[in-house]
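A short worksheet on the structure shown next.
Residue numbers (the numbering used here): 17 to 381.
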């Protein structure tokens, strides 16, 4: 069986270095917001070319703390509207709602799966205050056009960069293309921890200051609480593991791109729609997502040929039971995407033979 993603194999080379770091953490006795977190925040901000990186508990919290930070600064008010793609993962929506803000869905471009910038302006109202630009599957949203629209309407631009570690536009990395960005380091990400972990990047000094308070019960000095906060701190152990892996991120991304290029050039089946890629650095292929009208049939065929695949995602947010009041909404492009997409194996440890096998099986479908 060709696994969709062999996380154990990806992480195994870091085991000995990580063990040394764990021993150091035990001996140091500083288990919360210690030197490993500080090192990662410094290294990842340098990697993203931003002034600040704030480590938090997970990717959902990263987005939510950005919104809460802007609320605290008065740049957002409860009830403000946030433009968001209709086909995103549910975390993007939860972050908006749990911050007492209102998501306004916009259809994606069916070619790129990302927010269709040409549809944003018609959704802008007097209550619209921000655009949440999701870099879905590892490909940057069209940030040049999105930032133009945001500037015209005086809107904040927040990146959901949970799947785009290392993607860049004109040498500017994801995490530095808007006003702030939220990252997830869930184990399956291009830069994955061994549990939940996340971070926020920004060049805004005031926002960074406030978020550091919010993530730690509203406190920087122990037992002095300046504002109402939460408990969402990047764990010292997770930071240590991320510190082991960060230096290989670009290499891992290049391997993913090479696999993607093989898929794009060698899969030749009229029943399979391949993802759009312009050959630039704007895609790091967190996922390689194809489309087919008989998705379930294709997935079963691949499984019968010992190839594991996943669906990202089978049900769009507006059709989820959790959001029953939205179930009657209609977003035809979003719904078409969710009915047709299938994610193929892609990772730094996928072998050439495995890639060839996947291509051959797909071409024989």
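Each residue gets a CB set at the ideal place from its N, CA and C atoms; glycine is no exception.
1) Could you check the C-alpha separation between residue 292 and residue 302 for me, to the nearest Å?
2) Taking its Cβ as the centre, do 16 or more other Cβ atoms sit within 10 Å of residue 254, making it buried, or is it exposed?
3) Any Cβ of chain D within less than 7 angstroms of the Cβ of residue 314?
4) What's the C-alpha gap between residue 152 and residue 179?
5) Please determine, among 332, 75, 205, the residue with the shortest C-alpha to C-alpha distance to residue 26.
6) Counting Cβ pairs, one atom from each stretch, are 3 or more of them under 8 angstroms apart for the stretch 256 to 264 and the stretch 207 to 214?
7) Closest by CA to residue 224, which one among 356, 19, 61?
8) Going by the DSSP bridge assignment, what does residue 99 pair with across the sheet?
9) Tell me whether residue 136 is buried or exposed, calling it buried when 16 or more other Cβ atoms sit within 10 Å of its Cβ.
10) Under the rule that 16 or more other beta-carbon atoms within 10 Å means buried, what is residue 119, buried or exposed?
11) Name the residue from 299, 287, 326 whose alpha carbon lies nearest to the alpha carbon of residue 272.
12) Please determine, among 256, 109, 347, 309, the residue with the shortest C-alpha to C-alpha distance to residue 58.
13) Looking at C-alpha atoms only, which residue of 368, 358, 324, 349 is the closest neighbour of residue 21?
14) What number of angstroms, rounded off, separates the C-alpha of residue 375 from the C-alpha of residue 63?
15) Which residue wins for smallest C-alpha separation from residue 285, given the options 327, 309, 159, 295?
16) Rounded to the nearest angstrom, what separates residue 315 and residue 358 at their Cα positions?
17) So for residue 359, helix, strand or coil by DSSP?
18) What span of residues does the alpha helix (DSSP H) with residue 378 cover, start to end?
According to the structure shown:
1) Start at 1 with the first residue of the chain shown, and residue 292 comes out as number 276. Start at 1 with the first residue of the chain shown, and residue 302 comes out as number 286. In a straight line, the C-alpha of residue 292 is about 14 angstroms away from that of residue 302.
2) For this step, residue 254 is matched to residue 238 along the chain shown. Counting Cβ neighbours within 10 Å, residue 254 comes out buried, since at least 16 surround it.
3) This model lacks chain D altogether; it includes just one protein chain.
4) For the purposes of this step, residue 152 is identified with residue 136 of the chain shown, where counting begins at 1. For the purposes of this step, residue 179 is identified with residue 163 of the chain shown, where counting begins at 1. Rounded to the nearest angstrom, the two C-alpha atoms are 6 angstroms apart.
5) Here residue 26 is taken as the residue at index 10 of the chain shown, counted from 1. It is 205.
6) yes
7) Taking the chain shown and counting its residues from 1, one reaches residue 224 at position 208. Closest option to residue 224, Cα to Cα, is 61.
8) Taking the chain shown and counting its residues from 1, the one referred to as residue 99 is at position 83. 120, 147.
9) Here residue 136 is taken as the residue at index 120 of the chain shown, counted from 1. So residue 136 ends up on the buried side.
10) For the purposes of this step, residue 119 is taken as the residue at position 103 of the chain shown. It counts as buried.
11) Counting from 1 along the chain shown, the entry for residue 272 is found at position 256. Among 299, 287, 326, the Cα nearest to that of residue 272 is on 299.
12) In the chain shown, the residue the question calls residue 58 occupies position 42. Per the Cα distances, 256.
13) Looking up residue 21 in the chain shown gives position 5. Residue 21 has its Cα closest to that of 324, out of 368, 358, 324, 349.
14) Here the question's residue 375 lines up with position 359 in the chain shown. Here the question's residue 63 lines up with position 47 in the chain shown. In a straight line, the C-alpha of residue 375 is about 34 angstroms away from that of residue 63.
15) Numbered from 1 along the chain shown, position 269 holds the residue referred to as residue 285. Looking at the Cα atoms, 309 is the closest of the given residues.
16) Counting from one through the chain shown, the residue named residue 315 turns up at place 299. Counting from one through the chain shown, the residue named residue 358 turns up at place 342. Approximately 8 angstroms, taken between the alpha carbons.
17) Taking the chain shown and counting its residues from 1, the one referred to as residue 359 is at position 343. DSSP places residue 359 in strand when its eight states are reduced to three.
18) Counted from its first residue, the chain shown places residue 378 at position 362. From DSSP, the alpha helix (DSSP H) with residue 378 extends over 368 to 379.
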